[in-house]
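A quick write-up on the structure given underneath.
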Amino acid sequence: MSKEIKVKIDKEKCKSCGFCVLYCAKGILFTGKKNNAKGFFYIEFDDKLNKCNSCAICALMCPEAAIEVFKEDKK
Ligand code: SF4
Ligand code: SF4
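Position 57 of the sequence shown, counted from 1, bears residue number 530 in the working numbering, the numbering being contiguous throughout.
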């Protein structure tokens, strides 16, 4: 069974520092237009073209540990 890459962002942990956006070589993370309870415009993941290679650099760079990268069986 093939696997689907998931990048899960905990929007309430995000402080909008932009490190993940800066370090993602695929340019598929961006600062969204919605803010969390603390008022930060949290990061969103948009990978319609399946560019994510699950390198997990975004998760490593996040000082708030707000990002999780994992693979899941495709339904
Ligand atoms: S896992 Fe890698 S390619 Fe995917 S969103 Fe994070 S930094 Fe970008
Ligand atoms: S690195 Fe973490 S805290 Fe910074 S913008 Fe990305 S998800 Fe938010």
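Cβ atoms here follow ideal geometry from the backbone N, Cα and C, with glycine treated the same way. Bear in mind the structure is a predicted one, so any value in this text is a computation, not a measurement.
CB-CB under 7 Å to residue i, same chain, minus the five flanking residues each way: which ones, in chain order?
{"i": "F513", "result": "C487, K488, S489"}
{"i": "V494", "result": "L502, F503, T504, I516"}
{"i": "L522", "result": "none"}
Which first and last residues belong to the beta strand (DSSP E) in which residue i is found?
{"i": "L502", "result": "502-508"}
{"i": "F518", "result": "514-518"}
Please report the distance separating the alpha-carbon of residue i from that of residue j.
{"i": "C528", "j": "F503", "result": "17 Å"}
{"i": "C535", "j": "K547", "result": "27 Å"}
Measuring CA to CA, which of the options is closest to residue i?
{"i": "F518", "options": "S475, M474, I482, F492", "result": "I482"}
Please report whether the beta-carbon of residue i lies at a distance below 8 Å from any beta-carbon of chain D.
{"i": "C528", "result": "Among the protein chains of the structure shown there is no chain D, as only one such chain exists."}
What is the residue span of the alpha helix (DSSP H) that residue i lies within?
{"i": "M534", "result": "530-534"}
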